[in-house]
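Numbering (full-length UniProt numbering), first residue to last: 2 to 201.
Where is the CB? At the ideal position from N, CA and C, for every residue including glycine.
Encoded as structure tokens, the structure appears first; notes follow it.
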Ligand code: GRF
């Protein structure tokens, strides 16, 4: 299976996917919308093609996403993995990869879609927080959840400490989900996720 990963930053989840050495699955290319994203270096280290596509060179979100789609499809991807990709996707892009694109979001969805999830969990005095892998649909961070990991929130936590606790869990769960996809055990139908035919 060919995997294409989209990033905007550090790419530690990308690295976790490389290191998991998933049988029958290969990260063939990594795309970033940020030139300085360290994840592009990680991609090269692991022998994947690393591309930067500059949103500033495009007139609209749709034009950018259309070009990104074209470039991604040259790799004939089976799976699209969003790993810290910090851009809203156009509807056409989402529909084009529907059922084969997943995202990891740093909250226990449906709690806290969007940004600043760690601070929001602290501000709400939540006792637990975590991360969710979900299929990508038109609704921002709203597609069906596939797998979550929880972490405790301690009283003296700040957003950075909590974020790193969550990130460690992300590195554990994301490769599991990618493996399920590669093994064709995980599917989405009518906006619901199924593992081995059972609804999640
Ligand atoms: C992760 O916390 C992920 O949940 C969020 O962005 C962060 C990406 O980290 N969407 P990295 O680039 O994989 O290190």
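Between the alpha carbons of residue 130 and residue 120 lies a distance of about 11 Å. The three-state reading of DSSP puts residue 87 in coil, since its state is none of H, G, I, E or B. Judged by the Cβ position, residue 171 qualifies as a neighbour of ligand 1 at the 7 Å threshold, a heavy atom of the ligand being closer than this. By a beta-carbon distance limit of 8 Å, residue 103 contacts residue 178. Their separation comes to about 6 Å. Listed as beta-bridge partners of residue 130 by DSSP are 152. The beta carbon of residue 165 sits no closer than 7 Å to any heavy atom of ligand 1. Assignment of beta-bridge partners to residue 194 by DSSP yields 189. By the neighbour-count definition (other C-beta atoms within 10 Å, threshold 16), residue 14 is a buried residue.
Residue environment analysis places residue 42 among the exposed positions, since fewer than 16 neighbouring C-beta atoms fall within 10 angstroms of its C-beta. With a cut-off of 7 Å, the C-beta of residue 84 is classified as near ligand 1, since at least one heavy atom of the ligand falls inside that distance. CA-CA distance, residue 66 to residue 12, rounds to 20 Å. Taking residue 92 as the centre and dropping the five residues before and after it, the same chain places the C-beta of 139 closer than 8 Å to its C-beta, in chain order. Annotation for residue 150: 131, 132, 170, 174 place their beta carbon closer than 6 Å to its own, counting only its chain and skipping 5 residues before and after. If you check the C-beta of residue 201 against ligand 1, you find no heavy atom less than 7 Å away.
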